[in-house]
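Peer 1: Residue numbering for the sequence shown follows this note's numbering, beginning at 382 and increasing consecutively.
Below is one structure. I have some questions about it.
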Amino acid sequence: MAKPLVAIIGRTNVGKSALFNRLTGRRIAVVEDRPGVTRDRLYATARVGRREVVLVDTGGIVGGEEDVLVNLVAEHARLALEEADLLIFLVDGMEGLTSHDMIVADTVRRSGKPYILVANKMEKGRLDSSPFLDLRLGLPLDISATHNLNIEDLRDRILEALPP
């Protein structure tokens with residue numbers, strides 16, 4: 382039986398690679414403070430509770446710019462989305478909602494795939510969740526990939542959302 386594929390998607394610099402590393406338990410993906418470091422899809426097996434899944438780390442899914450490399454990175458992210466059984470849509474909870482998040486949210490809705498909306502970088506907490514309601518995807522689960530905050534809750538949600 383094939384392992385389910387879980388794609389971590391979102392705009393650039395929301396912590397997708399940090400979450401990928403946290404869930405795999407290894408430092409596989411390069412993590413830096415500057416956007417655009419991840420350029421291609423990166424796959425690794427991770428144990429989530431009693432199941433093994435294949436995680437895929439992606440670059441920023443937003444494209445539509447004149448930069449050929451930016452559009453190529455976005456295309457790789459879209460390919461990961463298409464092959465995924467479950468999407469983790471990661472947003473930056475401290476920065477708040479951006480127009481790029483809205484574009485990714487629209488892509489998630491159009492995909493018809495099961496998803497989990499996750500707000501990263503929440504080690505200091507959030508003042509107001511209401512802006513994320515504009516995504517029309519429900520309230521996000523607050524986590525901090527870097528500080529291991531609520532990662533077990535995310536693992537539980539992944540298990541609940543995966544097909545049997």
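Every residue gets a Cβ at the ideal spot worked out from N, C-alpha and C, and that includes glycine.
This one's a predicted model, so the numbers in the text were calculated from it and none came from an experiment.
(1) Are at least three pairs of beta-carbons, each pair with one atom in the stretch 484–495 and one in the stretch 521–533, less than 8 angstroms apart?
(2) Can you say whether G398 is buried or exposed, counting buried as having 16 or more other CB atoms within 10 angstroms of its CB?
(3) Alpha carbon to alpha carbon, what distance is there between P545 and V395?
(4) Taking buried to mean at least 16 other C-beta atoms within 10 Å of its own C-beta, is L540 buried or exposed?
(5) Using 8 angstroms as the threshold, is the C-beta distance between A461 and A388 below it?
(6) What is the C-beta distance between F513 and L478, in whole angstroms, given that I count them as a contact (C-beta under 8 angstroms)?
(7) May I have a chain-ordered list of the alpha helix (DSSP H) segments no shorter than 4 residues that lie completely inside the stretch 470–538?
(8) Can you give the Cα-Cα distance for G417 and I469, rounded to whole angstroms?
(9) Determine the direct distance from the alpha carbon of L423 to that of L543, and round the result to whole angstroms.
(10) If we count the other Cβ atoms within 10 Å of its Cβ and call it buried at 16 or more, is K502 buried or exposed?
(11) To which residues does DSSP link A425 through a beta bridge?
(12) What's the gap between the Cα of R459 and the Cα of M483?
Peer 2: Taking the coordinates as given:
(1) no
(2) Correcting the residue type first, residue 398 is Ser in the shown sequence and not Gly. Under this definition S398 is a buried residue.
(3) Pairing V395 with P545, the inter-Cα distance amounts to about 29 angstroms.
(4) So L540 counts as exposed.
(5) yes
(6) With a Cβ gap of about 6 angstroms, F513 and L478 count as contacting.
(7) Those alpha helix (DSSP H) runs which fall completely within the stretch 470–538 and span 4+ residues are 480–492.
(8) With a pLDDT of only 47 at G417, under the threshold of 50, the placement of this residue in the model should not be trusted; the figure read from the coordinates follows. Their backbone Cα atoms lie some 19 angstroms apart in a straight line.
(9) 20 angstroms
(10) buried
(11) L436
(12) 15 angstroms
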